[in-house]
Every structure is written in C-alpha cells, then in structure tokens.
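Asker: Structure in structure tokens, see below.
In our numbering, the protein residues as written are 6 to 119.
Written out as structure tokens, the structure is:
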C-alpha cells in the first residue's frame with residue numbers, strides 16, 4: 006500500500022511563504038497526476054492544485070499566482086510553494102492523486118496569522 010507523507014506546514018504570518026512536500030513510499034508520480042487539497046475547520050476538503058503526468062499545472066481560481074505546484078519524480082515528491090499567504094489559507098493540506106485513489110495521509114497543518 007502506497008503511503009503519502011505531507012510535511013512543511015507550520016505557523017506563518019500573513020504575506021509569508023511556506024513550501025509543502027508530499028513524499029510517496031514508492032514511485033507513483035511518474036504515471037499519475039498529483040494534486041494538493043486542503044481542508045479548513047468546518048469546511049469540505051477542496052482541490053488546491055494539480056500537476057499532470059506531463060507536468061501541466063492547474064490551480065483553484067482563487068489561488069492562481071500565489072501557489073505553485075511542482076514535482077520531482079526521482080524523489081517521489083510533490084511540492085506546493087505557497088506565497089503571499091492569507092489567513093483564509095489556514096487549513097490542513099493533503100496530497101493525493103488527481104482522482105483521490107490513494108489512502109489519505111495525515112496532512113500538514115498550515116496556520117496563517119494576521
């Protein structure tokens with residue numbers, strides 16, 4: 006069973022930056038589109054960004070220009086660079102395939118203070 010481990014979250018002030026990482030226990034990234042999701046307290050999990058097998062990226066409209074998704078297939082790792090963070094970005098961040106086919110990891114908490 007593939008395991009996903011997210012890391013890199015923390016407490017940051019508004020307009021700050023964080024870089025999240027998602028590592029898989031084996032190579033799945035070479036043939037799967039991968040996505041970052043987030044879930045804020047009391048809200049449903051939502052799609053943040055996707056990177057396709059071919060490297061094409063797509064973002065939630067509200068996040069374009071602030072977040073950037075990338076991947077390193079050799080390291081089985083997907084990244085999410087988050088800039089100009091806002092209080093509304095506070096959530097637990099998760100990664101998964103773009104079809105959500107893998108067991109969810111524990112996520113990484115991002116807290117943005119004003």
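Here a beta-carbon is modelled for each residue, glycine too, at the ideal position from N, C-alpha and C.
Looking at the unbroken beta strand (DSSP E) that takes in residue 14, where does it start and where does it end?
Answerer: The residue given as residue 14 occupies position 9 in the chain shown. Looking at the DSSP string, residue 14 is not in any beta strand (DSSP E), and its letter there is neither H nor E.
Asker: Compute the Euclidean distance between the alpha carbons of residue 90 and residue 21, then round it to the nearest angstrom.
Answerer: Counting from one through the chain shown, the residue named residue 90 turns up at place 85. Counting from one through the chain shown, the residue named residue 21 turns up at place 16. Whole-angstrom Cα-Cα distance: 5 Å.
Asker: Just to confirm my understanding: we take residue 31, look at its own chain, exclude 5 residues before and 5 after, and list those with CB closer than 8 Å. What are they?
Answerer: In the chain shown, the residue the question calls residue 31 occupies position 26. Here the set comprises 7, 81.
Asker: Please classify residue 11: is it buried, with 16 or more other beta-carbons within 10 angstroms of its beta-carbon, or exposed?
Answerer: Here residue 11 corresponds to residue number 6 of the chain shown, with the count starting at 1. Label assigned to residue 11: buried.
Asker: Check residue 63 in the structure and name its three-state DSSP category.
Answerer: Position 58 of the chain shown, counting from 1, holds the residue named residue 63. In this structure, residue 63 counts as strand in the three-state DSSP scheme.
Asker: Given a threshold of 16 other Cβ atoms within 10 Å of its Cβ, counted over all protein chains shown, does residue 37 qualify as buried or as exposed?
Answerer: One-based indexing of the chain shown puts residue 37 at position 32. Looking at its Cβ environment, which holds 16 or more other Cβ atoms inside 10 Å, residue 37 is buried.
Asker: Determine the closest residue to residue 52 out of 69, 58, 59, 117, with distance taken between C-alpha atoms.
Answerer: Within the chain shown, residue 52 is the residue found at index 47, counting from 1. Answer by Cα proximity: 69.
Asker: DSSP three-state label for residue 58, please.
Answerer: Start at 1 with the first residue of the chain shown, and residue 58 comes out as number 53. Of the three classes helix, strand and coil, the one that applies to residue 58 here is coil, per DSSP.
Asker: Check residue 81 in the structure and name its three-state DSSP category.
Answerer: Here residue 81 refers to the residue found at position 76 when the chain shown is read from its first residue. Coil.
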